[in-house]
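Chemist:
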């Protein structure tokens, strides 16, 4: 029983079930332009408010493939709304895999891919300092 409680406590502290050594870093729009530190062993994701029913989508426009990559698990999670409500928003989640220590930037744009506007509706830049191991 005490082992189960220890596991639950470690999951609550790190947000990563089964791996208490990993930190969880979730980057959101408010984190744009700010430097964040993450370890190679940390779980990192980008979560951005979105509403694909409007035609707008988040797209990664710059990422250094030697430093980090977007894992294949990109997903959209709709907000909880009462039944029958259409056109509500949610969030797009981009899980990251950190590849080597150093400093890097990841830039995403929110735009309608079918429009030829020169400027995106929104742009975010996430700055990461990647360190060996875990960041804690």
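Residue numbers (this note's numbering): 52 to 187. Every residue, glycine too, gets a C-beta built ideally from N, C-alpha and C. Just so we're clear, the structure is a prediction, and the values are computed from it rather than from any experiment.
Between residue 92 and residue 149, what straight-line distance do the alpha-carbon atoms span, to the nearest angstrom?
Modeler: When rounded, the distance between both Cα atoms is 8 Å.
Chemist: Could you check the C-alpha separation between residue 77 and residue 135 for me, to the nearest Å?
Modeler: One C-alpha to the other measures close to 31 Å.
Chemist: In terms of residue numbering, what span does the beta strand (DSSP E) encompassing residue 168 cover?
Modeler: Unbroken run through residue 168: none, as it is neither H nor E.
Chemist: Excluding sequence positions up to five away, which residues of its chain have a Cβ less than 6 Å from the Cβ of residue 104?
Modeler: Excluding five sequence positions before and after residue 104, the CB atoms of its chain that fall closer than 6 Å to its own CB belong to 138, given in chain order.
Chemist: Closer than 7 Å by C-beta to residue 86: which residues in its own chain qualify, once you throw out the five before and the five after it? Chain order, please.
Modeler: Within the same chain, and ignoring the five residues on either side of residue 86 in sequence, the residues whose Cβ sits closer than 7 Å to its Cβ are 178, 180.
Chemist: Who pairs with residue 104 in a beta bridge, going by DSSP?
Modeler: BP columns for residue 104 are empty, so no partner.
Chemist: Can you tell me whether residue 165 is buried or exposed? The criterion is at least 16 other CB atoms within 10 Å of its CB, across all chains shown.
Modeler: exposed
Chemist: Which ranges would you report for the beta strand (DSSP E) in the segment 76–152 if only whole runs of at least 3 residues count?
Modeler: 86–90, 94–101, 108–113, 119–121, 126–129, 141–149
Chemist: Is it buried or exposed, residue 101, if we count other Cβ atoms within 10 angstroms and call 16 or more buried?
Modeler: buried
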